[in-house]
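This report concerns only the one structure given below.
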Amino acid sequence: MKEQLRACILKGIEGCFADGTLTSGAVPAISVEKPAHAEHGDFATNVAMQMAKAERKSPKAIADIIVKKLAGSSDLIESLEVAGPGFINFFIKDSAWRRVLNAIDTAGDEYGKSTAGAGKKVQVEFVSANPTGPLHIGHGRGAATGDAVASLLTAAGFNVQREYYINDAGNQMNTLGLSGLLRYKELLGEQIDFPENCYQGDYIKDIARDAIAKHGDRFLKAPQEEGVAFFAKMGGDLILRGIDDDLKDFGISFDNWFSEQSLFDEGKVPSAIKEMQEKGHIYEQEGALWFRTTAFGDDKDRVVVRSNGVTTYFASDIAYHRDKYARGFDWVIDVWGADHHGYVPRLKAVVQGLGRKADDLGIILVQLVALLRDGAPVAMSTRSGEFVTLKEVVDEVGRDAARFFFLMRRSDSQLDFDLELAKRQSADNPVYYVQYAHARIKSIFDTARERGVQPDFENVKLELLESADDMSLIKKLSLYPETLESAALNFEPHRITYFLQDLAGEFHSFYNKSRVITEEPELTNARLFLLHCTAVVLKNALTVLGISAPERM
RNA sequence: GGGCGGGUAGCUCAGUUGGAUAGAGUACUGGCCUCCGAAGCCAGGGGUCAUGGGUUCGAAUCCCAUCUCGCCCA
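Basically this note's numbering = 1-based index in the first sequence + 26.
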């Protein structure tokens with residue numbers, strides 16, 4: 027609707043240039059907005075104000091000229107007026123609004139999708155937790171956000187791949203191996219001293235038990251290195267499988283799992299370093315190799331290879347991101363916990379060092395989650411092993427509520443997740459409020475069927491939808507495509523949760539004021555059509571967030 | 001000490017990328033089921049948009065400084 031109006035305004039202004047009523051010949055970018063107040067119309071534009079300087083006329087005078095030209099020029103416009111300091115307000119014809127319903131019905135599941143992405147290859151990398159322990163609630167927010175952003179981008183016409191990066195090459199794997207070996211010895215009756223920096227959680231004991239079942243006590247006498255290596259490998263694999271299971275229960279599956287170790291096995295780390303050296307981004311100082319990230323705005327240079335010859339995580343990250351672009355992704359998006367924000371400048375530097383634009387790497391920082399139970403904080407500490415896992419949360423509140431809550435706030439603000447609220451089946455729980463709207467519509471269709479009403483969507487008399495409540499519901503539905511697109515391009519899934527709450531509210535309000543199943547068959551049919559379209563949009567918006575749209579609850 | 005993110009109604013948060021009289025949920029108060037799902041709706045009160053300056057026709061939004069909370073780095 028906005029786009030149609032924009033085209034219409036552009037044509038009008040060009041018409042003014044053609045007949046000389048306006049003279050500058052320069053058309054600014056036309057912004058069409060939805061005014062905050064209904065009496066200012068359905069849409070408003072400020073072009074007249076933007077053109078004031080070039081035209082050497084007052085905004086009002088220009089607006090008058092444009093309004094005169096536009097009057098009666100389009101079947102979209104019911105009326106238009108000049109208001110305030112030079113706004114042009116547009117009132118759209120009801121008949122034009124109603125055509126939105128046909129678009130929704132025709133497109134169905136596809137309604138809201140766009141081709142803005144033009145098939146461009148995008149990779150979204152998210153979660154990427156170390157395989158040293160189960161996913162906790164913070165990973166859950168990253169998982170929900172990454173998955174939703176990937177779905178949003180798909181809906182916006184991008185060709186999206188979901189990837190999980192496994193940090194299986196660093197020192198933490200040795201720590202995992204040692205933790206497993208010590209618990210193993212302990213279970214077999216040895217006195218051990220369990221260091222504080224080892225992983226404390228009970229899952230380590232499960233790994234040790236598993237090893238005993240399969241391999242008996244053979245690592246008791248084997249050299250320490252052999253035991254550590256065994257438990258690192260075995261524990262890592264087991265934990266990774268558990269992570270995959272937890273994510274699947276959360277409705278997330280990755281297209282690709284990428285191992286850090288594979289970068290070393292395939293020689294990609296040295297070759298990446300070599301390329302950067304050749305391009306002059308890496309220099310040697312005091313026996314270490316440094317990446318000149320300051321050349322791209324970082325506040326200091328970063329070590330790639332230490333003087334003892336050991337590569338840093340940063341070296342892996344260089345090789346990894348180089349590999350992503352080599353695999354043909356035009357746009358690479360990383361979803362990180364906000365505590366990693368310090369890495370943003372150096373990774374942006376790497377991307378530019380590779381000869382790409384800084385914007386070819388998008389980074390979404392997801393802030394912390396505070397878990398509450400009836401308003402009181404739930405203690406969490408990774409070190410002690412007493413953290414709340416994603417699995418526990420999903421088991422307790424359900425997948426839909428967990429996803430909705432994780433996506434309810436902007437990523438860069440901290441999130442309070444109240445377990446009791448998420449479980450509650452009442453109006454103050456936004457998930458149920460939204461899902462209830464969908465179930466309620468389905469229930470109305472059931473009732474219609476019981477009463478022998480046969481919906482006939484081939485022959486709907488749209489003009490019967492004329493009440494203020496009909497129209498405001500239709501107008502809300504029409505906002506979905508632009509909401510979806512801006513949510514996608516800005517990595518802001520929370521816009522969809524807000525839209526859903528708005529739309530559900532609009533529907534519930536409509537329902538309380540307007541009878542759907544009436545004595546007049548044609549009106550009943552038209553209103554059923556309106557509800558059918560509402561259900562389509564509710565379902566599409568829920569689906570893109572990975573949340574179900576139940577028929578009954 | 002430097003950097004990143006935040007500060008909007010009692011509480012939790014939106015705010016369409018600079019637009020007109022700043023919104024929602026929740027809580028509070030009062031109403032609405034003989035009727036398609038009351039898991040719902042309607043009405044009301046509630047604000048120095050942290051503070052001070054600047055940019056312009058116009059600022060919660062952009063710039064500078066200060067205060068404050070969280071995190072990262074030394």
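For every residue, glycine included, the Cβ atom is placed at its ideal position computed from N, Cα and C.
Residue environment, residue i, which counts as buried when at least 16 other CB atoms sit within 10 Å
i	result
S410	Residue confidence for S410 is low, a pLDDT of 44 falling below 50, so the modelled location carries little weight and cannot support an answer.
R553	buried
F451	Reading the sequence as shown, one finds Gln at residue 451 and not Phe. It counts as exposed.
W283	exposed
M579	exposed
N485	exposed
E412	Its pLDDT being 49, under 50, E412 is placed unreliably in this model, and the value from its coordinates should be taken loosely. With fewer than 16 Cβ atoms within 10 Å of its Cβ, E412 is classed as exposed.
K240	exposed
N115	buried
N197	exposed
P583	Nothing can be reported for residue 583, as the shown portion of the chain is limited to 27 through 579.
G98	exposed
K350	buried
Q76	buried
L127	buried
A298	buried
A52	exposed
P547	exposed
K95	buried
E65	exposed
P85	buried
V336	exposed
T550	buried
G354	exposed
D360	buried
R399	exposed
Nearest candidate by alpha-carbon position, reference residue i, set the options
i	options	result
W362	G388, Y524, V420, R541	G388
D101	P85, K119, V108, G110	K119
L48	R82, D482, Q30	R82
I238	F220, K300, D228, E212	E212
E104	V93, D275, D356, L510	V93
Q527	G143, Y506, L515, D496	Y506
E418	Q76, E301, F276, K60	F276
C224	G206, M302, D232, Q217	G206
T560	G572, V570, I500, S535	I500
T509	D45, K60, L31, K37	K60
R541	L556, L445, E29	L556
M27	A70, D365, A465, Y309	A70
V330	A321, G323, Y309, T320	Y309
A352	F256, G381, Y369	G381
H558	E65, A396, D482, F431	D482
T320	L373, E286, V336	L373
F590	V108, H366, E545, A465	Nothing can be reported for residue 590, as the shown portion of the chain is limited to 27 through 579.
Q438	L394, A474, R399	Checking the displayed sequence, the identity of residue 438 turns out to be Asp instead of Gln. Taking only the C-alpha atoms, the option nearest D438 is L394.
L445	A384, V420, Y462, I88	V420
P371	A494, R436, D324, A170	D324
Y339	D219, K449, Y191, A55	Y191
Residues sharing a beta bridge with residue i, DSSP
i	result
I118	I103
P591	This structure does not reach residue 591, given that the chain is present from 27 up to 579, and the question cannot be answered.
D496	According to DSSP, which records beta bridges pairwise, D496 is partnered with nothing at all.
F443	L397
R477	None, per the DSSP bridge assignment.
W357	V148
H464	H464 pairs with nothing; no bridge assigned.
E20	Outside the shown range of the chain, which is 27 to 579, sits residue 20, and nothing can be said about it.
E509	Reading off the sequence shown, one finds Thr at residue 509, where the question assumed Glu. According to DSSP, which records beta bridges pairwise, T509 is partnered with nothing at all.
Integer-rounded CB distance, given that residue j should sit under 8 Å from residue i
i	j	result
L202	G261	5 Å
D143	A182	The displayed chain sequence assigns Gly, not Asp, to residue 143. Indeed, because the Cβ distance is near 5 Å, the residues count as touching under 8 Å.
N185	V148	7 Å
V414	I163	5 Å
F280	I390	That belief does not hold up - the Cβ atoms of F280 and I390 are roughly 17 Å apart, past 8 Å.
I35	V73	7 Å
A258	M302	Wrong, their Cβ atoms sit about 30 Å apart, outside the cutoff.
L14	A513	Given a span of 27 to 579 for the chain in the structure shown, any question on residue 14 remains unanswerable.
V153	L289	Between L289 and V153 the Cβ distance is about 19 Å, and since that is not below 8 Å, they are no contact.
Handout entry: Inter-stretch contact at 8 Å, needing at least 3 Cβ pairs: the segment 173-182 / the segment 331-344
Key = Output reads no: the segment 331-344 does not touch the segment 173-182.
Handout entry: Contact the segment 444-458 vs the segment 466-484: 3+ CB pairs below 8 Å
Key = No: fewer than three Cβ pairs fall under 8 Å.
Exercise for the section: Please confirm if the segment 152-169 is in contact with the segment 110-125, defined as three or more CB-CB distances below 8 Å between the two stretches. Expected result: For the pair of segments examined, the segment 152-169 was found not to touch the segment 110-125: the number of CB pairs separated by less than 8 Å stays below three.
Problem - Validate contact between the segment 462-473 and the segment 417-436 using beta carbons, cut 8 Å, 3 pairs - result: No, they do not touch.
Exercise for the section: Pair every Cβ in the segment 516-536 with every Cβ in the segment 565-572, then say whether three or more of these pairs are closer than 8 Å. Expected result: The segment 516-536 makes contact with the segment 565-572: 3 or more CB pairs, one atom from each, lie closer than 8 Å.
Handout entry: Touch test, the segment 263-275 against the segment 310-326, Cβ-Cβ under 8 Å, three pairs minimum
Key = Using a Cβ-Cβ distance cut-off of 8 Å, the segment 263-275 and the segment 310-326 are not in contact, since fewer than three pairs of beta carbons, one from each stretch, lie closer than that value.
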